[in-house]
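Structure first, then comments.
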Amino acid sequence: MVIKYLIKNKNKRDHNPVRNGEFDGCSGIYRFSKAEIENAMKFGNERKCLGRGSAGQVYKGILPSGQVVAIKQIYDSNRSGSFSREVEGLSKVRHPNLVYLFGCCVEGGEQYLVYEYCSEGNLAQRLLRKDAGLTWKQRVKILRDCALALRYLHHYVDGGCIVHRDIKLTNILLTEKLEPKLSDFGLAKLLGMDESNVYTDVRGTLGYMDPEYMSNAKLTCASDIYSFGIVALQVLSGQKVIELDLDARDQLTRKAKDVSMGKRPLKDFEDPQLHGNLNNVDFESILHIAVLCVAKSMLCVAKSSKGRPTIDVVFDELEKAWKNTDVNIVEILNSLS
1 MVIKYLIKNK NKRDHNPVRN GEFDGCSGIY RFSKAEIENA MKFGNERKCL GRGSAGQVYK
61 GILPSGQVVA IKQIYDSNRS GSFSREVEGL SKVRHPNLVY LFGCCVEGGE QYLVYEYCSE
121 GNLAQRLLRK DAGLTWKQRV KILRDCALAL RYLHHYVDGG CIVHRDIKLT NILLTEKLEP
181 KLSDFGLAKL LGMDESNVYT DVRGTLGYMD PEYMSNAKLT CASDIYSFGI VALQVLSGQK
241 VIELDLDARD QLTRKAKDVS MGKRPLKDFE DPQLHGNLNN VDFESILHIA VLCVAKSMLC
301 VAKSSKGRPT IDVVFDELEK AWKNTDVNIV EILNSLS
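For what it's worth, full-length UniProt numbering labels the leading residue of the sequence shown as 1, then goes sequentially.
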């Protein structure tokens with residue numbers, strides 16, 4: 001239904017002039033009018049806010065077709081660089097585990113992005129819930145699917161990649177079926193075929209940022225690997241889910257290293273909400289690969305980000321663990337029959 005609505009109205013929107021020198025960053029996707037955005041966000045006399053971030057505020061919306069969407073209003077329309085990067089990135093990349101961008105709006109000095117709606121919020125919110133925690137199988141699946149999305153980005157062009165630059169729990173959205181969707185491409189950077197790294201302004205979220213990138217501003221695909229490693233440690237342990245400053249990050253990574261090296265028992269790093277219902281072998285293998293992902297700050301043998309695994313290696317380990325969850329379920333069912 002939403003596709004029919006967008007196609008029906010696309011020609012009219014495409015011919016609307018861009019006024020007062022506004023940034024026309026919506027080429028190639030549907031351009032909503034300000035009136036359409038306001039109508040979509042109307043719920044009686046108020047708007048339903050879904051969350052706030054550094055770049056903007058997100059509201060729940062409903063299109064005339066009945067499609068529920070998430071509408072992000074950019075705080076400062078002068079920050080067209082972040083806005084244009086997100087539009088440019090999400091209008092070109094399509095993957096089941098990347099949030100879908102329906103369109104955007106640039107009108108009257110304001111900027112909006114219209115995404116698919118993910119009813120279960122973000123991964124941080126879900127990990128904090130006591131009434132509906134994530135099972136071991138769900139956690140492995142979420143990490144596996146996020147790695148799959150990241151692998152798609154890192155192999156977007158031959159010899160180059162798209163670096164997300166802001167991978168964190170709150171940028172991983174969950175659908176009703178708990179399928180993860182990587183979101184927020186406002187900081188994404190495309191490295192071309194001849195660029196294994198670039199020097200750029202240091203941007204991202206403290207606690208998830210690659211220490212090497214923070215120190216020398218050299219951006220590589222390994223910067224995303226570091227951030228993903230932190231996310232994996234949070235998902236395994238359920239610890240440091242909010243307010244992940246540098247001290248909290250260091251506590252988390254030191255504990256992970258000690259457990260991975262056998263200095264502490266594995267159960268010291270298990271999320272208590274799992275109640276021991278997990279595969280210890282797979283837990284240990286995921287913990288080990290996550291420790292390698294954050295190698296720069298943890299392993300003295302790795303003098304740089306070159307010591308980290310590629311996203312292909314990370315995905316392969318998570319894929320093995322995911323397949324094992326299915327095997328374990330079959331074995332349990334067979335034992336009960």
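Even for Gly, the Cβ is constructed at its ideal location relative to N, Cα and C.
Identity of the residue in the options nearest residue i by Cα
| i | options | result |
| --- | --- | --- |
| Thr325 | Gly133, Leu278, Gly89, Gln73 | Leu278 |
| Ala70 | Asp250, Gly103, Leu148 | Gly103 |
| Glu120 | Leu113, Gly89, Ile172 | Ile172 |
| Arg308 | Glu212, Val259, Cys161 | Glu212 |
| Thr170 | Leu113, Leu127, Val140 | Leu127 |
| Leu63 | Gly89, Val87, Glu116, Ser82 | Glu116 |
| Arg203 | Ala55, Pro265, Val68, Arg264 | Ala55 |
| Ser183 | Arg129, Gly207, Lys130, Val87 | Val87 |
| Ala147 | Tyr75, Lys130, Tyr226 | Tyr226 |
| Tyr30 | Arg165, Cys49, Phe83, Ser91 | Ser91 |
| Cys118 | Tyr100, Val106, Cys105 | Tyr100 |
| Val68 | Met41, Asp76, Ala256, Ser215 | Met41 |
| residue 347 | Gly61, Asn39, Ile37, Glu110 | Since the displayed the chain opens at 1 and closes at 337, residue 347 lies outside it and no answer follows. |
| Glu36 | Arg264, Arg129, Leu113 | Leu113 |
Nonlocal neighbours in the same chain, by C-beta distance under 6 Å from residue i, ignoring five residues either side
| i | result |
| --- | --- |
| Asp145 | Asn97, Pro180 |
| Val330 | Confidence in Val330 is poor, its pLDDT being 45 and thus under 50, which makes the residue's placement unreliable; the coordinate value appears in the next sentence. Excluding positions up to five away in sequence, the list is empty. |
| Val281 | none |
| His154 | Cys161, Cys221, Ile311 |
| Tyr156 | Ile162 |
| Asp210 | Ser223, Tyr226 |
| Val301 | In this prediction, Val301 scores a pLDDT of 39, lower than 50, which makes its location untrustworthy; the coordinate-derived value is nonetheless stated afterwards. No residues qualify anywhere along the chain. |
Sequence-distant residues of its chain with Cβ nearer than 8 Å to residue i (five each side left out)
| i | result |
| --- | --- |
| Asp247 | none |
| Gln138 | Leu178 |
| Gly318 | Residue identity check: residue 318 is Leu in the sequence provided, not Gly. Cβ within range, chain order: Val140, Leu143, Arg144, Ala147, Ile286, Ile289. |
Own chain, CB closer than 7 Å to residue i, minus 5 neighbours either side, in chain order
| i | result |
| --- | --- |
| Lys303 | Caution is warranted here: a pLDDT of 42 is assigned to Lys303, below 50, making its placement in the model unreliable, and the coordinate value is therefore given only provisionally. Excluding residues within five positions, none has a Cβ falling inside 7 Å. |
| Gly108 | Lys34 |
| Leu274 | Trp136 |
| residue 339 | With the chain represented from 1 up to 337, any question about residue 339 goes unanswered, as that position is not in the structure. |
| Gly229 | Ala290, Cys293, Val294 |
Paired residues, beta bridge with residue i - DSSP
| i | result |
| --- | --- |
| Gly61 | Val69 |
| Pro180 | Leu174 |
| Gly103 | Tyr30, Val114 |
| Arg249 | According to DSSP, which records beta bridges pairwise, Arg249 is partnered with nothing at all. |
| Glu46 | Phe43 |
| Val163 | Lys189 |
| Ile74 | Gly56 |
| Asn122 | Leu173 |
| Gly51 | Val58 |
Is the region 183-193 in contact with the region 238-246, if contact means three or more CB pairs nearer than 8 Å?
No: the two stretches stay apart, fewer than three of their Cβ pairs being nearer than 8 Å.
Could you check whether the region 257-271 touches the region 228-239, counting it as contact only if at least three pairs of C-beta atoms, one from each stretch, sit closer than 8 Å?
Yes: at least three Cβ pairs fall under 8 Å.
Any chance you could list the alpha helix (DSSP H) runs of at least 4 consecutive residues sitting entirely within the region 192-242, in chain order?
As summarised for the region 192-242, the continuous alpha helix (DSSP H) elements at least 4 residues long and confined to that stretch are 211-216, 221-237, given in chain order.
Entirely enclosed alpha helix (DSSP H) segments - the region 245-295, minimum 4 residues
Here the runs fully enclosed are 246-260, 280-293.
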